[in-house]
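Chains C, E, R and V, in that order, give the protein sequences. First residue of the first sequence: 1, per the numbering used here; consecutive thereafter. First residue of the second sequence: 230, per the numbering used here; consecutive thereafter. First residue of the third sequence: 459, per the numbering used here; consecutive thereafter. First residue of the fourth sequence: 669, per the numbering used here; consecutive thereafter. Note that beta-carbon positions come from the ideal geometry of N, C-alpha and C, so glycine has one too. Just so we're clear, the structure is a prediction, and the values are computed from it rather than from any experiment.
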Amino acid sequence: MTKIHHDVDTALSSVKNGHTLMVGGFGLIGAPLTLIDGLTKKDVSGLTVISNNLGEPGKGLGTLLSQKKIKKAIGSYFTSNREVGDAYQRGEIELELLPQGTLSESMRAGGAGIGGYYTKTGVGTDLAKGKEEREINGQTYLFEPAIRADVALIKAWKADTLGNLIYYKTARNFNPLMATAADIVIVEVEEIVEPGELSPEEIVTPHLFVDGIFLARKRLTKEGVIDHE
Amino acid sequence: MTKIHHDVDTALSSVKNGHTLMVGGFGLIGAPLTLIDGLTKKDVSGLTVISNNLGEPGKGLGTLLSQKKIKKAIGSYFTSNREVGDAYQRGEIELELLPQGTLSESMRAGGAGIGGYYTKTGVGTDLAKGKEEREINGQTYLFEPAIRADVALIKAWKADTLGNLIYYKTARNFNPLMATAADIVIVEVEEIVEPGELSPEEIVTPHLFVDGIFLARKRLTKEGVIDHE
Amino acid sequence: MSDKNQLQELIAKRAAQELTGSCVVNLGIGIPTLVAKFIEDPTVYFHTENGLLGVADVEEDQIDPNLVNAGKMPVGETVGASFFNSAESFAMIRGGHVDVAILGVLQVDQTGQIANWAVPGKNIMGVGGAMDLLVGAKKVIVTTTHTSKDGKSKLLKKCTFPITSTRSVDMIITELAVFEITDNQLRLIELMPDVTIEEVREKTEADFIE
Amino acid sequence: MSDKNQLQELIAKRAAQELTGSCVVNLGIGIPTLVAKFIEDPTVYFHTENGLLGVADVEEDQIDPNLVNAGKMPVGETVGASFFNSAESFAMIRGGHVDVAILGVLQVDQTGQIANWAVPGKNIMGVGGAMDLLVGAKKVIVTTTHTSKDGKSKLLKKCTFPITSTRSVDMIITELAVFEITDNQLRLIELMPDVTIEEVREKTEADFIE
Chain C
1 MTKIHHDVDT
11 ALSSVKNGHT
21 LMVGGFGLIG
31 APLTLIDGLT
41 KKDVSGLTVI
51 SNNLGEPGKG
61 LGTLLSQKKI
71 KKAIGSYFTS
81 NREVGDAYQR
91 GEIELELLPQ
101 GTLSESMRAG
111 GAGIGGYYTK
121 TGVGTDLAKG
131 KEEREINGQT
141 YLFEPAIRAD
151 VALIKAWKAD
161 TLGNLIYYKT
171 ARNFNPLMAT
181 AADIVIVEVE
191 EIVEPGELSP
201 EEIVTPHLFV
211 DGIFLARKRL
221 TKEGVIDHE
Chain E
230 MTKIHHDVDT
240 ALSSVKNGHT
250 LMVGGFGLIG
260 APLTLIDGLT
270 KKDVSGLTVI
280 SNNLGEPGKG
290 LGTLLSQKKI
300 KKAIGSYFTS
310 NREVGDAYQR
320 GEIELELLPQ
330 GTLSESMRAG
340 GAGIGGYYTK
350 TGVGTDLAKG
360 KEEREINGQT
370 YLFEPAIRAD
380 VALIKAWKAD
390 TLGNLIYYKT
400 ARNFNPLMAT
410 AADIVIVEVE
420 EIVEPGELSP
430 EEIVTPHLFV
440 DGIFLARKRL
450 TKEGVIDHE
Chain R
459 MSDKNQLQEL
469 IAKRAAQELT
479 GSCVVNLGIG
489 IPTLVAKFIE
499 DPTVYFHTEN
509 GLLGVADVEE
519 DQIDPNLVNA
529 GKMPVGETVG
539 ASFFNSAESF
549 AMIRGGHVDV
559 AILGVLQVDQ
569 TGQIANWAVP
579 GKNIMGVGGA
589 MDLLVGAKKV
599 IVTTTHTSKD
609 GKSKLLKKCT
619 FPITSTRSVD
629 MIITELAVFE
639 ITDNQLRLIE
649 LMPDVTIEEV
659 REKTEADFIE
Chain V
669 MSDKNQLQEL
679 IAKRAAQELT
689 GSCVVNLGIG
699 IPTLVAKFIE
709 DPTVYFHTEN
719 GLLGVADVEE
729 DQIDPNLVNA
739 GKMPVGETVG
749 ASFFNSAESF
759 AMIRGGHVDV
769 AILGVLQVDQ
779 TGQIANWAVP
789 GKNIMGVGGA
799 MDLLVGAKKV
809 IVTTTHTSKD
819 GKSKLLKKCT
829 FPITSTRSVD
839 MIITELAVFE
849 ITDNQLRLIE
859 LMPDVTIEEV
869 REKTEADFIE
């Protein structure tokens, strides 16, 4: 059974109302732009979105926010989209802010069967409020629970038809982590190749993590996001 | 200042009495055989050795055991060397047995600034004795602390002169983890290349983890361990 | 082939029938390792916890001393294989990314709990990946001879050796029969060729539903 | 170049003098980013938390939209660079593998605690990697203008904005002076060119040892 989806609706068919989604990318870099665009056209609501940021006003995940499809966002840097603050003030969205290292580590934990872990990051700050502290070897740590999602929408550079993935430069970021931490993982790629074309030593995400592969129709270029077929 | 050591004594100069050492390898596969051999010839004692197993009788880390240089061993599978059990019975060595996933995860935690973490592995078994349990989302987990070492002796396939590393097939195993989790990391390699020869996308261990590089003089072949210059 | 080998292959061959369609499988040492030779479906992918997804057979003249499985036996790699470190490998296991684990046991009891890592009175010297596979694999299949060398049932009312996990396995395959475990109860679902229910009853200490 | 830019470059240039010999350095957004242009030593390696060790300048015509620093600005890569995922990147930071972090601040107090991620009364919308760098980097250097736009000292007796960490930074570099922090006390170690001690006293709310 092939993992390859040929249209965006099929690729997104596992996304349901009320789902928790992980969406890859550091801003637009390494974000699954075609899948995000597909989400803005899909009739879905009450989403919890886990992503470093919520795009820009009216761009990427920012569109989903404008459409009020997002009930809650978990991320580290919402500052990139001023509409997030406005929506929060109006009580339209719930926000959970995590340090970037904690956000990425919690995803890794979620994918690795780790229930939670202790980090020094954030101890004594406002982001530690309500969090359990613990002394380990004389140092204070915070407990952070693992996070998982129903569906992860990620971006890779190349997939082979089995679902093995490699990434491109700093577009890697959160994508390999999200690939491990969701029940269903859909990856948007620039190129689909045959098994054997990716070196076994350089595969970053082995195919057992990947459920669906979709060829990108939008790409980030120096001139911005462009469509192509 | 070059990281390259030309003789084994210099490469091992940071190993002191009473140190905790991580030693890479899954049995002999991916073990730093030249550095281990150097240890057997070095006047050092009271070591704590963290390694999946303790070699075989009179081979690799097994030699260190025979020489009574090891005070304590932390690993997942000592069965491969029956002399470990004998030494334990005679009270010559302290043993800490961890599930293999816990051993590797604790190293990763140690290298990643994580104080400890919760795993389901081992819950309700003899290896859970004395360990803290915690319920997370209705499931029972065990607390496992991070582990670190004073020195890690690891094996890689190729290093560039900066210390970037790539590994060879299943000889990778614990080596990249140990590279992150010790104060001093010395790597034994098959080949030293110039910066730029290893692809930035396929480097497994970035150079900031590596303190010393040493060219292997012993290699594992189909015919066993052989010396070469 | 010796009788023992024949029994082991019989068990392995039956276990292989459980691996249908695309799945990721981790094979333990012993009988489980034999399962691979009965699999022809290229979408059954073998994972070994020392860091390889895509284990294949290897010809004698192709042996690479640095390419082995968790039993340290030489193996090959499939087209589309990938290598990773031990923490990543066990993250796959604990994180629920391995579909099936096939494991040998010293004992299995009538609730489906197994003991396969330690014998009382002997030094507890090795556990390897057994405990991780038990908590992480979606489905666990036990392959074992029905009785130990001294003729005693390995299917017990209660394990007397230290258990590997509180998790019950999903299926037990022996040279005599196949059992499924649901709600912590063994249910006989199949007799192996030429085996009678009487023989299974006689050689099984564990209670089971027929 | 505007006066503001000149001040920023002055500060960045002074900070660059702290990076001697082989070290791994993470640069924050703003003045810290400018530090790189004053470094000629090829053994000073720049780490960016979005997943690159070996950040280099990039020429306008070489810009790759998928190769950026943590401020989302286009960068290049050095020979010997490597890419990794966000969890690996922060493992490097938290795990103590980054030697120096150079950060901007909103406020720094006389114990060396800084505030650089949130302003009271405004939505707390972003923290990024600031808290991780504070707990993980072996040495933290603050680069900041001495006063805010309205002329108030950024070096305070106590931060009034939410702190980024309980850890004290190691050094503060402004256009007026350089301070070292030991035992949670600021010590003036250097006046910038053409600056008098009186001016520093006048513009600094924090207590410091001269």
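Sub-8 angstroms separation of residue i and residue j beta-carbons
| i | j | result |
| --- | --- | --- |
| E:Pro328 | R:Asn543 | no |
| E:Leu449 | E:Leu262 | yes |
| V:Gly748 | E:Asp272 | no |
| E:His234 | E:Ile442 | yes |
| C:Ser106 | C:Glu144 | yes |
| E:Ala240 | E:Gly267 | yes |
| C:Lys222 | V:Pro733 | yes |
| C:Val123 | C:Thr140 | yes |
| V:Gly739 | C:Phe78 | no |
| C:Thr125 | E:Ile343 | no |
| R:Phe548 | E:Thr399 | no |
| V:Leu823 | V:Ile840 | yes |
| R:Lys580 | R:Ser611 | no |
| C:Thr121 | V:Val803 | yes |
Buried or exposed by the 16-neighbour rule on C-beta atoms within 10 Å, applied to residue i
| i | result |
| --- | --- |
| R:Asp567 | buried |
| V:Pro788 | exposed |
| E:His457 | exposed |
| C:Gln89 | exposed |
| V:Ile865 | exposed |
| C:Gly18 | exposed |
| C:Arg134 | exposed |
| C:Glu188 | buried |
| C:Ile226 | exposed |
| R:Gln475 | exposed |
| E:Pro435 | buried |
| R:Gln520 | exposed |
| E:Gly256 | buried |
| R:Ser460 | exposed |
| V:Asn784 | buried |
Extent of the continuous alpha helix (DSSP H) run through residue i
| i | result |
| --- | --- |
| E:Arg311 | Arg311 to Gln318 |
| V:Leu856 | Looking at the DSSP string, V:Leu856 is not in any alpha helix (DSSP H); the run it does join, the beta strand (DSSP E), is Gln853 to Leu859. |
| V:Asp671 | Asp671 to Ala684 |
| C:Arg219 | Per DSSP, C:Arg219 belongs to no alpha helix (DSSP H); it is in the beta strand (DSSP E), Lys218 to Thr221. |
| R:Ala588 | Ala588 to Gly594 |
| C:Ile50 | Note, C:Ile50: premise wrong, no alpha helix (DSSP H); beta strand (DSSP E) at Leu47 to Ile50. |
Residue-chain proximity (residue i, chain B), Cβ-Cβ < 8 angstroms
| i | result |
| --- | --- |
| V:Met760 | The chain inventory of the structure shown lacks chain B, comprising the protein chains C, E, R and V. |
Integer-rounded CB distance, given that residue j should sit under 8 angstroms from residue i
| i | j | result |
| --- | --- | --- |
| V:Ile792 | V:Thr832 | No, V:Ile792 and V:Thr832 are not in contact; Cβ-Cβ is about 12 angstroms, not under 8 angstroms. |
| R:Pro490 | R:Ile560 | 4 angstroms |
| R:Ser480 | R:Thr501 | 4 angstroms |
| C:Met22 | C:Ala146 | That pair is no contact at about 13 angstroms. |
| R:Leu511 | R:Tyr503 | 6 angstroms |
| E:Ile303 | E:Glu325 | 4 angstroms |
| R:Val482 | R:Asn508 | No, R:Val482 and R:Asn508 are not in contact; Cβ-Cβ is about 15 angstroms, not under 8 angstroms. |
Same chain only: Cβ atoms within 6 angstroms of residue i, ignoring 5 sequence neighbours per side
| i | result |
| --- | --- |
| E:Trp386 | Ile395, Tyr396, Tyr397 and Glu419 |
| C:Thr180 | Gly111 and Phe209 |
| R:Glu668 | Leu646 |
| C:Lys72 | Thr48 and Glu94 |
Neighbourhood of residue i by C-beta, 8 angstroms cutoff - its chain only, sequence neighbours within 5 removed
| i | result |
| --- | --- |
| V:Val675 | Looking at the sequence provided, one finds Leu at residue 675 of chain V rather than Val. Once the five neighbours on either side are set aside, the close Cβ partners of V:Leu675 are Thr813 and Glu843. |
| V:Asp725 | Ala704, Lys705, Val743 and Gly744 |
| R:Asp628 | Gly570, Lys597, Val598, Ile599, Glu638 and Ile639 |
| E:Gly253 | Gly259, Ala260, Pro261, Ser280, Ala381, Leu382, Ile383, Lys384, Asn402, Phe403, Asn404 and Met407 |
Cβ shell of residue i (< 7 angstroms), same chain only, five flanking positions each side left out
| i | result |
| --- | --- |
| V:Leu695 | Thr701, Val703, Ala704, Phe714 and Ile770 |
| C:Arg82 | Pro57 |
| C:Gly62 | Leu54, Gly55, Glu56, Asn81 and Glu83 |
N- and C-terminal bounds of the beta strand (DSSP E) containing residue i
| i | result |
| --- | --- |
| R:Val566 | Gln565 to Asp567 |
| R:Leu485 | Cys481 to Leu485 |
| C:Ile114 | Ile114 to Thr119 |
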